[in-house]
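First comes the structure, then the notes that go with it.
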Amino acid sequence: MIYLALSILASTGIFILFKLFKKYNIDTLQAIVVNYITACAAGFLHYNQNINLNSIKNTTWFYAAIGLGFLFIAIFNVMALTAQRNGLSVASVASKMSVIIPVIFGIWVYNEGVGAQKIIGIILALLAVYLSSIKSSRLKAQQKEKATIWLPIILFLGSGTIDTSINYFAPDDSIPLFSATIFGFAFIIGCAVLLYKSVKFKKYFSPRSIPLGFALGLVNYASIFFLLKALRIEGLESSALFTINNVAIVAISTLVGLLVFGEKISKTNWVGISLALVSIVLVTLA
């Protein structure tokens, strides 16, 4: 379970860094592009075999990696905007409530078990995610002008698709290479967007984006690598793992929002966090 714990901590770090982007006025897209070249380099350095570009092109997952590269940079931008406009807890909730997508996929495609305890745990997990995201009337009024319902919806669908796809396409023996390839394509797409912005809007790259972008790349690679390693543990079903992983990230991110960034947490939010812990226990024991 150490892989799962490390993935949870790394994923929580992603949300924290997104909040820091706003605090230090960092260009989100520029930092995300730096993040992807960092994560790509980390994957290639972590891969302990010779790298052959032609052999990568001939793998069964190559074209899936291209599609995931596009999704990664698109959803990462949506995640950052959601954290900045709707709040840290809403961003983590919207992305992690998408757990229902890989859970259904795992039960349907991999014929994973669906016992009563597991179903109750998943239902409680979804309820926990919802309750953790509810804002007080005062906070809603403060965020009304800048928040938008479309960002969490897009984040929900995109995150669910990414989680399901990386589990389905990732090769058991080449996780670092698979991850590096996805990050590499995300970097190429991001560079194209930055080039367009520099030509169209005269918006040039700022070196200030490098430090936090570099840090984001390290935790981003860690979150994917450790999640995929956890998914390869024999006897641990993906539907259970995704539920535990996502709900734990929601609970921790909400607490970090309170303790570090001063976000308001209502009694309802505390109920949601408590239910998250109960759901984790139920799904784990199931």
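Take 12 as the starting number for the sequence shown in this note's numbering and just add one per residue. Glycine included, each C-beta is placed from N, C-alpha and C at the ideal position.
Exercise. Which residues mark the beginning and the end of the alpha helix (DSSP H) in which Ile90 is found?
Worked result: As a first step, residue 90 is located in the sequence shown; it is residue number 79 there, counting from the start. One detail in the question is off: residue 90 reads as Met in this sequence, not Ile. For Met90, the enclosing alpha helix (DSSP H) starts and ends at Phe73 to Arg96.
Exercise. Looking only at its own chain, which residues have a Cβ that is under 6 Å from the Cβ of Leu142, when we skip the five neighbours before and after it?
Worked result: Walking along the sequence shown from the start, residue 142 turns up at place 131. These residues qualify, in order along the chain: Thr279, Val282 and Gly283.
Problem set entry | Reference Thr93, options Ile164, Gly124 and Lys240, closest by Cα | Position 82 of the sequence shown, counted from the first residue, corresponds to residue 93. When each option's Cα is compared against that of Thr93, the closest is Ile164.
Problem set entry | Spatial distance of Leu64 from Phe73 (CA atoms) | Residue 64 sits at position 53 when you count from the first residue of the sequence shown. Residue 73 sits at position 62 when you count from the first residue of the sequence shown. Within the model, the alpha-carbon separation for Leu64 versus Phe73 is close to 11 Å.
For this session: Starting from the C-beta of Leu15, find all residues in its chain whose C-beta is less than 7 Å away, skip the five residues before and the five after it, and write them out in chain order.
Result: If you number the sequence shown from 1, residue 15 lands on position 4. Only Ala241, Leu252, Ile255 and Asn256 meet the Cβ criterion.
Problem set entry | Phe216 versus Thr23 - alpha carbon distance | Counting from 1 along the sequence shown, the entry for residue 216 is found at position 205. Counting from 1 along the sequence shown, the entry for residue 23 is found at position 12. Thr23 has its alpha-carbon roughly 27 Å from the corresponding atom of Phe216.
Exercise. Just curious, the alpha helix (DSSP H) that Leu40 is in, first and last residue?
Worked result: Locating residue 40 in the sequence shown gives position 29, where the first residue counts as 1. Boundaries of the alpha helix (DSSP H) around Leu40: Thr39 to His57.
For this session: To the nearest angstrom, report how far apart Ser170 and Ser106 are at their CA atoms.
Result: As a working mapping, residue 170 is identified with position 159 in the sequence shown. As a working mapping, residue 106 is identified with position 95 in the sequence shown. About 5 Å.
Exercise. Can Ala42 and Leu227 be called in contact, C-beta distance under 8 Å?
Worked result: Your numbering for residue 42 matches position 31 in the sequence shown. Your numbering for residue 227 matches position 216 in the sequence shown. Closer than 8 Å, so yes.
Exercise. Expressed to the nearest angstrom, what Euclidean distance is found between the alpha-carbon atoms of Leu150 and Ile134?
Worked result: For the purposes of this step, residue 150 is taken as the residue at position 139 of the sequence shown. For the purposes of this step, residue 134 is taken as the residue at position 123 of the sequence shown. Low confidence applies to Leu150: its pLDDT is 48, below 50, so where it sits in the model is not reliable enough to give any reading.
Problem set entry | Cβ-based neighbour list, Thr175, same chain, cut-off 7 Å, excluding 5 preceding and 5 following | As a working mapping, residue 175 is identified with position 164 in the sequence shown. Sequence-distant partners of Thr175 (beyond 5 residues in either direction) whose C-beta falls short of 7 Å from its own C-beta, in its chain, are Ile112, Pro113 and Phe116.
Problem set entry | Sub-8 Å separation of Phe81 and Ile200 beta-carbons | Taking the sequence shown and counting its residues from 1, one reaches residue 81 at position 70. Taking the sequence shown and counting its residues from 1, one reaches residue 200 at position 189. The Cβ-Cβ distance between Phe81 and Ile200 falls below 8 Å.
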